[in-house]
Amino acid sequence: MTQPIILEPALAWSGVLQRKVDAHPAFGQWLAGAIQHPLDRQRLLTWFVELGGRPEQALTPAEARQILRRLRERVFFTLMARDIAGAAPLQEVVSGMTQLADLAITQAYRSVATELAAVHGTPLDPETGVPQEMLILGMGKLGGRELNVSSDIDLIMLYGDEGETKGRRPLSHFEFYARVTQRMMPILSEIDADGQVFRTDLRLRPDGDSGPLAWSLAALENYLVVQGREWERYAWIKARNLRVRAFEGSMPSGDWQHFEALRTPFVYRKYFDFDALSSLRELRERIRQDWQRRALARTGVDATHNIKLGDGGIREIEFVVQLTQLIRGGRLPSLQRAGMLAALRAQRASGVIDDEVADRLEAAYVFLRRVEHMLQYREDEQTHLLPREADRCHALARAMGMAPGEFEDALRTHRHHVADAFHDAFRIAGVSTPAPHAPETAQPDNDAEPMSDEVRARLGDDADTVWRRIDAMLAGHRIRSLPNVSRKRLDRLLPALLNAATQTDNPATTAIRLCELVEHIAQRSAYLALLAEYPETLARITRIVSASPWAAQYLNRYPVLLDSLIEWHSLMEAPDLEQIAVQLARELDASVLPDGSPDVEKQMNLMRDVQHQVSFQLLAQDLEGRLSVEALADHLSALADLLLEETIRRTWPLVQPRGSAQPPEPPRFAVIAYGKLGGKEIGYASDLDLVFLYDDPDDTAVERYVKLGRRMVSWLSTMTSSGRLYEIDLRLRPDGDAGLIAVSFDGFARYQREHAWIWEHQALTRARFCAGDTELGERFEEIRREILLRDREANELAAAVREMRAKIRSGHPNHSGDFDIKHDAGGMVDIEFITQYLVLLHSRQHPRLLENLGNIALLGIAADAGLIPAALAAQVADAYRVLRRRQHALRLQGAEKARVPSDQLQVERAAVRDLWQMVIGD
Numbered sequence: 001m002t003q004p005i006i007l008e009p010a011l012a013w014s015g016v017l018q019r020k021v022d023a024h025p026a027f028g029q030w031l032a033g034a035i036q037h038p039l040d041r042q043r044l045l046t047w048f049v050e051l052g053g054r055p056e057q058a059l060t061p062a063e064a065r066q067i068l069r070r071l072r073e074r075v076f077f078t079l080m081a082r083d084i085a086g087a088a089p090l091q092e093v094v095s096g097m098t099q100l101a102d103l104a105i106t107q108a109y110r111s112v113a114t115e116l117a118a119v120h121g122t123p124l125d126p127e128t129g130v131p132q133e134m135l136i137l138g139m140g141k142l143g144g145r146e147l148n149v150s151s152d153i154d155l156i157m158l159y160g161d162e163g164e165t166k167g168r169r170p171l172s173h174f175e176f177y178a179r180v181t182q183r184m185m186p187i188l189s190e191i192d193a194d195g196q197v198f199r200t201d202l203r204l205r206p207d208g209d210s211g212p213l214a215w216s217l218a219a220l221e222n223y224l225v226v227q228g229r230e231w232e233r234y235a236w237i238k239a240r241n242l243r244v245r246a247f248e249g250s251m252p253s254g255d256w257q258h259f260e261a262l263r264t265p266f267v268y269r270k271y272f273d274f275d276a277l278s279s280l281r282e283l284r285e286r287i288r289q290d291w292q293r294r295a296l297a298r299t300g301v302d303a304t305h306n307i308k309l310g311d312g313g314i315r316e317i318e319f320v321v322q323l324t325q326l327i328r329g330g331r332l333p334s335l336q337r338a339g340m341l342a343a344l345r346a347q348r349a350s351g352v353i354d355d356e357v358a359d360r361l362e363a364a365y366v367f368l369r370r371v372e373h374m375l376q377y378r379e380d381e382q383t384h385l386l387p388r389e390a391d392r393c394h395a396l397a398r399a400m401g402m403a404p405g406e407f408e409d410a411l412r413t414h415r416h417h418v419a420d421a422f423h424d425a426f427r428i429a430g431v432s433t434p435a436p437h438a439p440e441t442a443q444p445d446n447d448a449e450p451m452s453d454e455v456r457a458r459l460g461d462d463a464d465t466v467w468r469r470i471d472a473m474l475a476g477h478r479i480r481s482l483p484n485v486s487r488k489r490l491d492r493l494l495p496a497l498l499n500a501a502t503q504t505d506n507p508a509t510t511a512i513r514l515c516e517l518v519e520h521i522a523q524r525s526a527y528l529a530l531l532a533e534y535p536e537t538l539a540r541i542t543r544i545v546s547a548s549p550w551a552a553q554y555l556n557r558y559p560v561l562l563d564s565l566i567e568w569h570s571l572m573e574a575p576d577l578e579q580i581a582v583q584l585a586r587e588l589d590a591s592v593l594p595d596g597s598p599d600v601e602k603q604m605n606l607m608r609d610v611q612h613q614v615s616f617q618l619l620a621q622d623l624e625g626r627l628s629v630e631a632l633a634d635h636l637s638a639l640a641d642l643l644l645e646e647t648i649r650r651t652w653p654l655v656q657p658r659g660s661a662q663p664p665e666p667p668r669f670a671v672i673a674y675g676k677l678g679g680k681e682i683g684y685a686s687d688l689d690l691v692f693l694y695d696d697p698d699d700t701a702v703e704r705y706v707k708l709g710r711r712m713v714s715w716l717s718t719m720t721s722s723g724r725l726y727e728i729d730l731r732l733r734p735d736g737d738a739g740l741i742a743v744s745f746d747g748f749a750r751y752q753r754e755h756a757w758i759w760e761h762q763a764l765t766r767a768r769f770c771a772g773d774t775e776l777g778e779r780f781e782e783i784r785r786e787i788l789l790r791d792r793e794a795n796e797l798a799a800a801v802r803e804m805r806a807k808i809r810s811g812h813p814n815h816s817g818d819f820d821i822k823h824d825a826g827g828m829v830d831i832e833f834i835t836q837y838l839v840l841l842h843s844r845q846h847p848r849l850l851e852n853l854g855n856i857a858l859l860g861i862a863a864d865a866g867l868i869p870a871a872l873a874a875q876v877a878d879a880y881r882v883l884r885r886r887q888h889a890l891r892l893q894g895a896e897k898a899r900v901p902s903d904q905l906q907v908e909r910a911a912v913r914d915l916w917q918m919v920i921g922d
């Protein structure tokens with residue numbers, strides 16, 4: 001049997017509780033029973049009704065005032081006794097206070113708004129004519145659902161559209177909502193014989209005390225765009241709509257969605273905002289200095305006794321977590337949490353914060369918040385100061401359920417961990433400190449002199465060409481329209497940019513590519529700041545654009561990738577695709593609209609961003625010589641498989657019938673990869689050759705899976721603000737473009753058995769299941785094996801292969817005189833056709849050839865089986881490696897066609913021609 005919770009520990013610590021019970025013994029008896037059960041929303045509503053509240057009907061302001069104060073008393077003392085007895089975890093305490101605040105604000109609003117509307121009329125939405133409610137935002141700890149037991153509540157009061165009420169004495173909406181706000185405040189915060197409910201603070205609204213009490217959404221939008229400051233982004237992280245309602249028939253969801261559309265991009269920016277970092281660093285220092293100054297001025301004691309404002313205190317934990325949200329949350333929607341612990345746990349799950357740091361911060365936060373509550377329970381006052389007297393310190397330790405020495409050790413350890421994290425906040429958030437630089441000095445427009453005599457000498461004959469390019473850039477609209485601060489930064493950046501370019505093997509070309517990049521990023525001052533403030537990052541960018549024009553163009557298209565160059569060590573690590581898949585799923589799950597439905601546009605952009613980020617990570621390693629072409633293709637192919645799997649998961653719910661109450665069963669659907677993806681040989685910009693299969697007896701299956709196929713193609717190939725994922729080619733499905741976009745498994749099997757051409761069986765040698773229903777994938781493999789194991793006549797097969805090879809060659813004519821690495825005789829297609837021929841002719845006798853292992857491995861298997869000479873197989877395998885590397889190198893240099901002078905690669909081409917002649921012949 002559970003031991004009953006007793007009041008004695010709370011009475012021993014809290015003077016305010018002791019006086020209450022002494023004066024009202026009946027309340028003490030009531031409390032002794034009340035503390036036996038956790039405080040939840042249902043108990044709160046029960047008490048509200050017991051005290052005279054009417055949940056579905058407006059109280060008068062006088063009724064609300066009295067009932068809410070008495071309710072607050074019950075909640076405060078119940079939580080106190082349960083907490084001190086060790087029966088209530090932190091979550092119960094902060095949730096209980098938050099639910100009380102939500103109820104109190106709702107009742108205060110309803111009572112005042114109803115009373116005003118009776119005289120002046122109800123404010124109506126000018127477009128729909130339905131009643132227009134206020135949007136009351138809980139900020140700070142109220143917004144995060146983590147109020148302490150003696151907390152202020154921070155509110156911002158908003159409304160939708162301007163207009164005028166239609167009552168006997170009409171008011172503008174501006175005045176109506178201002179009066180609502182004004183009359184609500186005494187109900188909540190004025191002290192009378194029953195105390196108060198919550199001290200209420202409206203100073204977080206735009207313009208603070210000098211601004212209107214209530215703001216329209218249009219005015220708020222203008223303010224955030226024109227005047228919003230960094231500390232306001234920090235504050236608006238926790239903004240939460242309290243969803244108040246006073247008028248029957250109102251539909252406030254549209255205004256809430258409008259507000260979220262304003263708040264989210266203001267707080268969470270997709271791009272690392274390096275302009276904002278200096279402001280946030282200043283905020284950190286101001287936090288430290290200001291809090292210490294305030295503590296000294298108010299109490300005369302040093303800030304170490306203030307567990308909220310002092311060193312290693314609660315505010316420092318909040319800063320670390322919210323800084324990380326500001327920097328990373330635009331890219332990682334799962335970090336967009338209002339609650340402190342929820343945000344910290346999301347950061348740990350996402351790998352943004354180290355597990356050890358996160359564990360220490362969470363333990364410190366829970367401990368310090370409990371201490372905070374103990375201090376406030378004593379006299380029901382908003383204090384964060386530790387006692388200085390020894391006997392009081394010992395009593396505090398007992399209230400915490402600890403021995404004095406144990407408490408002091410724990411407090412010291414937690415605060416030490418917090419102080420360390422606060423000091424390292426920017427490193428924890430993933431942003432290193434920029435190198436120091438000379439102070440900025442104002443320079444006249446178009447008067448920069450980036451080219452020193454030394455740089456000009458290094459550029460030699462190309463100096464004038466580079467200068468003309470710089471001059472054209474400075475004269476262009478993108479640069480001329482920059483604000484002064486960006487112009488100054490650019491003036492400082494250009495000499496560094498040219499100096500970096502002259503350290504490369506092709507300084508003039510590199511300088512011009514860097515100028516092109518600057519033109520593309522110039523309108524984003526954050527990126528000018530990145531290049532100017534982080535010289536190591538500029539050096540890395542210079543190496544990349546110098547090595548590859550294709551890489552330079554990739555950065556021009558996706559400048560968001562510049563952020564990753566700050567953390568070079570992470571960029572040089574092999575991508576952990578399993579972790580990337582888990583993280584991507586988490587971020588996609590978090591990408592929802594205010595009504596809870598998926599934010600499809602955000603999800604599509606997230607997947608593109610992940611694809612670009614991983615591809616760029618591989619590109620950086622590629623250009624540093626850390627990846628072979630084969631390893632690169634393996635990574636890129638695995639990435640494509642991952643993204644195809646996630647695409648099925650996200651698009652399947654979108655093709656279900658409207659109004660479906662239950663989540664859909666997983667689709668009986670498989671994606672089959674052909675060509676380069678099938679052989680795991682794709683490059684950075686490869687198309688995906690796919691076939692969609694399904695096996696579902698439902699009468700509506702054809703229509704649903706065709707819709708799924710179309711939706712997948714759209715999801716993958718649509719151009720969004722983040723680009724596109726892949727170009728998709730479905731022409732290898734049965735009947736090509738004339739066939740259905742998704743094919744039944746039985747139809748596919750029948751086609752392969754009865755109607756497929758030899759070239760389609762050739763394509764099947766490189767086909768593999770890559771995403772979807774694994775059981776269907778296994779059945780596809782059975783059909784593939786069945787087809788490839790057929791007995792074939794050698795001469796007939798050779799003739800068909802030669803015919804298809806001739807068609808492909810005629811489709812890629814080469815009149816240049818150079819050797820086309822892929823399509824000309826002795827090139828890569830010849831090697832592919834040789835292996836396909838060997839698979840189709842000999843798999844029946846040598847089943848190892850069925851394995852989709854790539855051309856090099858298949859040549860080795862054929863040699864081991866005695867089908868081709870081992871020495872020649874090895875030569876052709878080496879040739880394939882060389883040809884792939886040369887093709888890849890040419891692509892990185894921006895070549896449209898992979899061609900080399902005809903006198904090159906003679907040894908490799910001869911080996912391929914010899915094997916072709918031996919195996920297939922003319």
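Quick note on full-length UniProt numbering: the sequence shown kicks off at 1 and runs consecutively.
Note that the Cβ used here is the ideal one computed from N, Cα and C, for glycine as well.
Identity of the residue in the options nearest residue i by Cα
| i | options | result |
| --- | --- | --- |
| S721 | S189, H612, E316 | H612 |
| R886 | M828, P847, E8, Q617 | M828 |
| R263 | G330, G310, L280, P186 | G330 |
| L341 | A81, S95, H635 | S95 |
| G351 | W759, T542, D154, Q579 | Q579 |
| I470 | L632, G28, E449, R489 | E449 |
| E282 | Q36, P131, E230 | E230 |
| I317 | E175, L644, R284, P89 | R284 |
| D152 | P483, I834, Q91, D380 | D380 |
| Q132 | Q99, N148, L217 | L217 |
| Q490 | A877, L528, G476, I856 | The residue asked about is misnamed: residue 490 is Leu in this sequence, not Gln. The candidate whose alpha carbon is nearest that of L490 is L528. |
C-beta atoms of residue i and residue j nearer than 8 Å
| i | j | result |
| --- | --- | --- |
| V197 | R41 | no |
| L732 | V691 | yes |
| D818 | P901 | yes |
| T165 | P123 | yes |
| D695 | F745 | yes |
| L188 | A117 | no |
| L204 | A235 | yes |
Beta-carbon proximity list for residue i, same chain, < 8 Å, skipping 5 on both sides
| i | result |
| --- | --- |
| D595 | S253, Q257 |
Exposure label - residue i; buried when at least 16 CB within 10 Å
| i | result |
| --- | --- |
| G143 | buried |
| D641 | buried |
| T774 | exposed |
| G53 | buried |
| I191 | exposed |
| R74 | buried |
| G678 | buried |
| S816 | exposed |
Own chain partners of residue i with C-beta closer than 6 Å, once the 5 adjacent residues on each side are dropped
| i | result |
| --- | --- |
| V301 | Caution is warranted here: a pLDDT of 49 is assigned to V301, below 50, making its placement in the model unreliable, and the coordinate value is therefore given only provisionally. Nothing meets the Cβ criterion. |
| E587 | L332, P333, S334, L606 |
| A862 | L838, I868 |
Residues near residue i by beta carbon distance below 7 Å, same chain, minus five either side
| i | result |
| --- | --- |
| A539 | A500 |
> Okay, do the stretch 653-665 and the stretch 754-773 touch, 3+ Cβ pairs below 8 Å being the bar?
Replying inline: no
> Is the number of C-beta pairs between the stretch 82-101 and the stretch 4-24 that are closer than 8 Å three or more?
Replying inline: yes
> Is the number of C-beta pairs between the stretch 94-114 and the stretch 237-255 that are closer than 8 Å three or more?
Replying inline: yes
> Between the stretch 722-730 and the stretch 752-759, do at least 3 Cβ pairs fall closer than 8 Å?
Replying inline: no
> Is the number of C-beta pairs between the stretch 352-360 and the stretch 54-67 that are closer than 8 Å three or more?
Replying inline: no
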